[in-house]
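Below is one structure; the comments refer to it alone.
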Amino acid sequence: MEEEKVSSIEQADRYMFRTYSRFPITLVRGEGCRVWDEEGRSYLDFVGGIAVCALGHSSPIVTKALEEQSRMLVHVSNLFYTKPQIELARLLVENSFADRVFFGNSGAEANEAAIKLARKYARDNMGEGKFIIICMENSFHGRTMATLSATGQEKVRKGFDPLLGGFKFVPFNNVGAIAEAVDDTTCAVMLEPIQGEGGVVVPHESYLREVRDLCDEKGILLIFDEVQVGMGRTGKLFAHEHYGVSPDIMTLAKALGNGLPIGAMLATEKLSESFGPGTHASTFGGTPLVTAVAGAVVKSILEDGILERCTQMGAYFRERLRGLVERYGFVKEVRGLGLIIGLELEVEGGPIVNKCLDQGFLINCTQDKVLRFLPPLIVEQDEIDQMVDCLEGIFSQME
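Counting with this note's numbering, you get residues 103 to 501 for the letters of the sequence shown.
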């Protein structure tokens, strides 16, 4: 009797937690902006691992760094110095506002570190009782208990009570609401320069400057979560550079490792003094392997014209999408900077995502009605044209 053949998806459903609503394909290979499933079908990827694969899939730059470092040293723990970690820290500091870097494994870990540092610094320098962090409605900072508690989306928080205390929520893009929320217990304001999971919400031009000025006036810290929008995604290395402001603390992850797990928290020298030996740690934070890859990624973003390309392709992509806004009444608005782009609809986006999948295009939907596009920063103009043509074909059948 022949043994029953079980598909990859059936095996996954048998053995793995069902914490993800996965698409019904199993991906096995990628190159550039394209991926292939186990049936050999190819897809143009406009999700990019959720803003992770900045240099594309199977990037030769990543592969080279990974192969070379894996032959030398993979892991020794942070009880010792390693050269790739030092080099990556230097690159990040020399190209940012920051003086110091702490490495973890993910965006959530980076945001956990930022929350801890803000509170520790407040205790060391602001006196007792200052621990509240003001966060934004519709924000997303991670899935750990602290970052979940700092996330302003009830659908993400639901079912995990009691959450950690010490967080207040106000509307994004409203500095007056922040000012009203600040009191004698406030130590920091934490926000994403562009809300990615919140629907690609771009702040008005003066918002981040006004928040920076308010924090300075009140003597509180400003934390920018650049996990999704940092590392070139907006056409600058960090999204806050578009607005001419700097935070006190910044968090990075996603594209920093182009697929390898790494997160980073950056801060000024003054703040770093509150994190002495024993105050915070991560066993796998910044291993030689991942920091060697991340260092190669950062150098490529800075030296290989990636930022300029992102700016050009992002402008072209948004212009083509605006054509859909003009032609179809249920398409409301195009938002974004660089290659983080949202297309807001007046209809549910999920069915459109599925139709795109059927036609060989990977996109996703956030906040139910915002189609989000996060392609690799190396995306070509003709690939953007194919994506928009696919959408137009779908939209034309919906009227």
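Beta carbons are placed, not taken as given, at the ideal position from N, Cα and C, and that holds for glycine.
Classification of residue i by the beta-carbon crowding that lies within 10 angstroms, buried from 16 upward
i      : result
Leu130 : The displayed chain sequence assigns Val, not Leu, to residue 130. Val130 should be labelled exposed.
Met292 : buried
Asp491 : exposed
Gln330 : buried
Glu105 : Residue confidence is low: Glu105 scores 49 on pLDDT, short of 50, so the model does not pin down where it sits. Its coordinate-derived value is still stated next. The residue in question, Glu105, is exposed, as its Cβ has fewer than 16 Cβ neighbours within 10 Å.
Met247 : exposed
Asp147 : buried
Tyr345 : buried
Thr336 : buried
Pro478 : buried
Leu409 : buried
Arg437 : buried
Thr389 : buried
Arg192 : exposed
Phe119 : exposed
Thr288 : buried
Lys232 : buried
Gly298 : buried
Spatial distance of residue i from residue j (CA atoms)
i      : j      : result
Ile480 : Gly462 : 19 Å
Leu157 : Ser110 : 28 Å
Val258 : Leu250 : 7 Å
Gly431 : Asp487 : 21 Å
Ile454 : Ile496 : 7 Å
Asn456 : Gly321 : 48 Å
Leu447 : Gln469 : 10 Å
Ser384 : Leu426 : 47 Å
Gly267 : Gly378 : 25 Å
Lys434 : Ser498 : 15 Å
Arg194 : Arg116 : This sequence places Leu at residue 194; Arg is not what is there. When rounded, the distance between both Cα atoms is 42 Å.
Ala417 : Asp484 : 14 Å
Arg143 : Leu190 : 37 Å
Ala341 : Val108 : 45 Å
Glu494 : Gln113 : 36 Å
Gly132 : Glu140 : 11 Å
Pro126 : Met489 : 20 Å
Ile188 : Leu441 : 30 Å
Val178 : Ala281 : 46 Å
Ala182 : Ala212 : For the sequence presented, residue 182 should be read as Phe rather than Ala. The alpha-carbon atoms of Phe182 and Ala212 are separated by roughly 21 Å.
Asp350 : Ala369 : 6 Å
Asp460 : Glu230 : 57 Å
Thr121 : Ala252 : 21 Å
Thr43  : Lys260 : Nothing in the structure corresponds to residue 43, since the chain is present only between 103 and 501.
Met103 : Trp138 : Here Met103 scores only 37 on pLDDT, less than 50, and its place in the model should not be relied on; the value that follows carries that caveat. Met103 and Trp138: Cα-Cα distance of roughly 33 Å.
C-beta atoms of residue i and residue j nearer than 7 Å
i      : j      : result
Val176 : Gly361 : no
Asn227 : Phe386 : no
Ala167 : Ala394 : yes
Gly300 : Ile403 : no
Ile235 : Ala290 : yes
Thr353 : Met367 : yes
Asn275 : Pro295 : no
Glu328 : Val277 : no
Gly452 : Cys467 : yes
Tyr145 : Ser376 : no
Asp324 : Cys317 : One point to set straight first is that residue 324 is Leu, not Asp, in the sequence displayed. In this structure, Cys317 lies closer than 7 Å to Leu324 by Cβ.
Asn197 : Leu339 : yes
Gly397 : Pro186 : yes
Contact test: residue i Cβ vs the ligand ZN heavy atom, cutoff 6 Å
i      : result
Gly244 : No copy of the ligand ZN occurs in the structure displayed, which carries no ligand at all.
Of the listed residues the options, nearest to residue i (C-alpha basis)
i      : options                           : result
Arg136 : Leu464, Lys471, Glu494 and Glu328 : Leu464
Leu373 : Met174, Gln255, Ala215 and Pro162 : Ala215
Leu423 : Arg474, His342 and Pro390         : Arg474
Cys458 : Val149, Glu141, Glu112 and Thr413 : Val149
Met238 : Ser498, Asp285 and Gly254         : Gly254
Phe242 : Leu219, Val347, Gly209 and Gly261 : Gly209
Glu371 : Tyr145, Leu219, Val108 and Glu133 : Leu219
Met174 : Leu391, Arg420, Glu494 and Arg221 : Leu391
Ser160 : Glu343, Gly359 and Ile127         : Gly359
Val400 : Ala355, Gln414 and Met415         : Ala355
Gly151 : Gly134, Cys412, Asp201 and Val303 : Gly134
Val272 : Thr165, Val284 and Met500         : Val284
Asp315 : Ser348, Phe269 and Val472         : Ser348
Glu482 : Thr413, Phe204, Leu439 and Val472 : Thr413
Phe199 : Trp138, Phe326, Asp286 and Thr184 : Phe326
Glu501 : Leu476, Val449 and Lys471         : Val449
Item checked: Every unbroken beta strand (DSSP E) within the segment 119 to 157, with a cutoff of 3 residues, ordered by chain -> 129 to 133, 136 to 139 and 144 to 147
- With a floor of 4 residues, list each alpha helix (DSSP H) that falls wholly inside the segment 419 to 453, ordered by position along the chain. none
Problem - Unbroken stretches of the alpha helix (DSSP H), 4 residues or longer, contained in the segment 262 to 323 - result: 277 to 283 and 309 to 320
**4-residue-minimum alpha helix (DSSP H) runs that sit fully inside the segment 364 to 414, ordered along the chain** = Counting whole runs of 4 or more residues, the segment 364 to 414 contains the alpha helix (DSSP H) stretches 371 to 374 and 390 to 405.
| task | Enumerate, from N- to C-terminal direction, the unbroken alpha helix (DSSP H) stretches of 4 or more residues contained entirely within the segment 151 to 229. | result | 162 to 172, 185 to 196 and 209 to 227
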